[in-house]
Amino acid sequence: MSNDAVMNDFASVPDGDGRFGIYGGKFVAETLMSALDELENLYNKLKDDPEFVAELDADLAHYVGRPSPLYEASRLSDKIGGARIWLKREDLNHTGAHKVNNTVGQALLAKHMGKKRVIAETGAGQHGVATATIAARLGLECQVFMGEEDVRRQALNVYRMKLLGAEVIPVTSGSRTLKDAMNEAMRDWVTYVDDTFYIIGTVAGPHPYPMLVRDFQCVIGREARAQSLNQIGRLPDALVACVGGGSNAIGLFHPFLEDKDVAMYGVEAGGHGVSTSQHAAPLTAGTPGVLHGNRTYLMQDADGQIMHTHSVSAGLDYPGVGPEHSWLKDIGRVEYVVADDDEALKAFHSLTRVEGIMPALESSHALAYAERLAAELGPDKNIVVNLSGRGDKDIHTVAEIDGLEF
Numbered sequence: 001m002s003n004d005a006v007m008n009d010f011a012s013v014p015d016g017d018g019r020f021g022i023y024g025g026k027f028v029a030e031t032l033m034s035a036l037d038e039l040e041n042l043y044n045k046l047k048d049d050p051e052f053v054a055e056l057d058a059d060l061a062h063y064v065g066r067p068s069p070l071y072e073a074s075r076l077s078d079k080i081g082g083a084r085i086w087l088k089r090e091d092l093n094h095t096g097a098h099k100v101n102n103t104v105g106q107a108l109l110a111k112h113m114g115k116k117r118v119i120a121e122t123g124a125g126q127h128g129v130a131t132a133t134i135a136a137r138l139g140l141e142c143q144v145f146m147g148e149e150d151v152r153r154q155a156l157n158v159y160r161m162k163l164l165g166a167e168v169i170p171v172t173s174g175s176r177t178l179k180d181a182m183n184e185a186m187r188d189w190v191t192y193v194d195d196t197f198y199i200i201g202t203v204a205g206p207h208p209y210p211m212l213v214r215d216f217q218c219v220i221g222r223e224a225r226a227q228s229l230n231q232i233g234r235l236p237d238a239l240v241a242c243v244g245g246g247s248n249a250i251g252l253f254h255p256f257l258e259d260k261d262v263a264m265y266g267v268e269a270g271g272h273g274v275s276t277s278q279h280a281a282p283l284t285a286g287t288p289g290v291l292h293g294n295r296t297y298l299m300q301d302a303d304g305q306i307m308h309t310h311s312v313s314a315g316l317d318y319p320g321v322g323p324e325h326s327w328l329k330d331i332g333r334v335e336y337v338v339a340d341d342d343e344a345l346k347a348f349h350s351l352t353r354v355e356g357i358m359p360a361l362e363s364s365h366a367l368a369y370a371e372r373l374a375a376e377l378g379p380d381k382n383i384v385v386n387l388s389g390r391g392d393k394d395i396h397t398v399a400e401i402d403g404l405e406f
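Sequential numbering from 1 applies to the sequence shown in the UniProt record's numbering.
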């Protein structure tokens, strides 16, 4: 496929079957097919409806606090040398992360469908907090599935969810992380699909979720594009975002996909190294397969069994990735790289000390790679890094690694 042909295809995915090339699709129990069809039909009806768009925009402006700023991290840039680094401050959103953008959108769909109960899965807790927050605002019953290991390392967000009125259900199967939480959420949805809306937190899962989560998160990239033209005077030379499921990354990347001169880097969790089994980098070291209702790159063994993952960041500790990322990797539009635990922790401390901004450990992976990239590029280049969330939730993890107790 020629580069021009690829550029012209971005608006054509997913296709009518929910496919991004050979990825995506709808691999679910028959029980869920009608619910997914109902959701797809409603979304296609509402996404361009002026009243729905106005309601969503008003919520994003007055409840979430958009637009989030584009901030030049000049002291960090000076410290590294090379390109200028700009931060898209999704950490300043209400609830402290990009997750709320998509959650507000899906909650509006749930309201239009007359659902009284919402469920969600969460790893780092940011999507769970966003869902519990919106459920409280709309008066909806809310249950959040969370791996037992993540309940332990994200205790602050667990308490926030409970304060908001949500029930947090610890999942004790498997590696007790995000994959297992998503398994349990899917099982619950099959059982209670008639009165329950499943608010998926990332661009994975069966069609139409990867599409509609992407569309709701694209507000990040649309704002970053306009802000770059206004503040830098042109489009950035590179975009960098962390990739677990990949919702913050696709939200930043998508409005720039047809801009051939803008390079894009998705940063996966290298954990203890991709040469070991202790990482969460399916695009870098995985193979295609089916998980959680879609075909995508996965960490799996020769028999197709899903492997346990590791990342210092609970939000990146997932063996799969959104199917659109798999397609973008294969066509070469986005380069997927890794940053390991040590690099992410170093970037966490660096941004905190130099700029007074404490990044989420997820975002710290993107910052770690951006520092490498900035040093390689000249001072006339500009890099936009998506700061997907704030790091308050991770201080217990960082303190434990630093040997501190409090």
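Heads up, the beta-carbon is just placed ideally off N, CA and C, and yes, glycines get one too.
Backbone secondary structure at residue i - three-state DSSP
| i | result |
| --- | --- |
| PHE256 | helix |
| ASP340 | strand |
| MET146 | strand |
| MET182 | helix |
| GLY217 | With the sequence shown as reference, residue 217 is identified as Gln, and Gly is not the correct amino acid for it. DSSP places GLN217 in helix when its eight states are reduced to three. |
| ILE134 | helix |
| LEU239 | strand |
| MET299 | coil |
| GLU90 | helix |
| SER2 | With a pLDDT of only 39 at SER2, under the threshold of 50, the placement of this residue in the model should not be trusted; the figure read from the coordinates follows. Three-state DSSP puts SER2 in coil, outside helix and strand. |
| TYR209 | helix |
| GLY315 | helix |
| VAL321 | coil |
| PHE10 | helix |
| PRO282 | helix |
| ARG176 | coil |
Same chain, Cβ closer than 6 Å to residue i, neighbours up to 5 away in sequence not counted
| i | result |
| --- | --- |
| PHE20 | VAL13, PRO14, PRO323, GLU324 and TRP327 |
| VAL219 | ASN101 |
| ASP91 | LEU387, GLY389 and ARG390 |
| ILE22 | none |
| GLY18 | GLY24, GLY25, LYS26 and HIS207 |
Pairwise C-alpha distance: residue j and residue i
| i | j | result |
| --- | --- | --- |
| LEU229 | PRO236 | 8 Å |
| ALA166 | PHE27 | 29 Å |
| LYS115 | ARG84 | 47 Å |
| ALA281 | THR309 | 9 Å |
| ASN304 | GLY289 | Per the sequence presented here, residue 304 reads as Gly, with Asn not at that position. Each residue's Cα considered, the two are about 8 Å apart. |
| GLY201 | MET161 | 15 Å |
| VAL193 | LEU239 | 38 Å |
| GLU362 | HIS207 | 25 Å |
| LYS111 | TYR209 | 17 Å |
| HIS254 | ARG214 | 8 Å |
| SER175 | LYS99 | 23 Å |
| PRO69 | VAL144 | 30 Å |
| GLN278 | ASN294 | 24 Å |
| ASP259 | GLU141 | 43 Å |
| residue 443 | VAL190 | A query on residue 443 cannot be resolved here, the shown segment of the chain reaching from 1 to 406 and no further. |
| GLY221 | GLY25 | 25 Å |
| ASP314 | PHE10 | With the sequence shown as reference, residue 314 is identified as Ala, and Asp is not the correct amino acid for it. Whole-angstrom Cα-Cα distance: 31 Å. |
| LEU178 | GLY356 | 30 Å |
| MET186 | GLU149 | 19 Å |
| HIS349 | ALA54 | 40 Å |
| ASN44 | VAL354 | 45 Å |
| ARG152 | GLN227 | 38 Å |
| GLY403 | SER311 | 18 Å |
| SER173 | GLY233 | 51 Å |
| LEU367 | ALA241 | 8 Å |
Residue i versus the options, residue with shortest Cα-Cα distance
| i | options | result |
| --- | --- | --- |
| LEU60 | VAL334, ASP317 and GLN217 | GLN217 |
| TYR318 | GLY244, GLY378 and GLY105 | GLY244 |
| ILE306 | TYR198, ALA314, ASN183 and ALA35 | ASN183 |
| LEU36 | ALA224, VAL384, HIS62 and LEU212 | LEU212 |
| PRO67 | MET33, ALA224 and VAL118 | ALA224 |
| GLY271 | HIS396, ILE22 and HIS365 | HIS365 |
| TYR369 | ARG333, ASP342 and ARG353 | ASP342 |
| ASN93 | ILE119, HIS62 and VAL118 | HIS62 |
| ARG117 | THR103, ALA130 and GLY139 | GLY139 |
| ALA130 | SER173, LEU163 and MET113 | LEU163 |
| ILE383 | ALA302, ASP394 and GLN231 | GLN231 |
| VAL385 | ILE331, GLY246 and ARG89 | ARG89 |
Close Cβ partners of residue i (< 8 Å) along its chain, the five nearest in sequence each way excluded
| i | result |
| --- | --- |
| MET146 | GLU121, THR122, GLY123, GLY125, GLY128, GLN154, VAL158, VAL168, ILE169, PRO170, VAL171 and ALA181 |
| ASP392 | GLY96, LEU156 and MET358 |
| LEU283 | VAL243, GLY266, GLU268, TYR297, VAL321, HIS325, SER326, LYS329 and TYR336 |
| THR287 | TYR297, LEU298 and GLN300 |
| GLU405 | ALA399 |
| ALA29 | VAL190 |
7 Å CB neighbourhood of residue i in its chain, flanking five on each side removed
| i | result |
| --- | --- |
| GLU72 | ARG84 and TRP86 |
| GLY82 | ALA374, ALA375, GLU376, LEU377, GLY378 and PRO379 |
| GLY273 | HIS279 and ASP340 |
Residue i Cβ short of 6 Å to the ligand FMN heavy atom set
| i | result |
| --- | --- |
| TRP189 | The ligand content of the structure shown is nil, which means the ligand FMN is not present either. |
Problem - Three-pair Cβ contact test at 8 Å for the stretch 29 to 44 versus the stretch 331 to 349 - result: no
Practice task
Tell me, please, whether the stretch 245 to 259 touches the stretch 72 to 79 by the rule of three or more beta-carbon pairs shorter than 8 Å.
Solution key: no
Handout entry: Inter-stretch contact (C-beta, 8 Å, three-pair minimum) for the stretch 105 to 114 and the stretch 127 to 141
Key = yes
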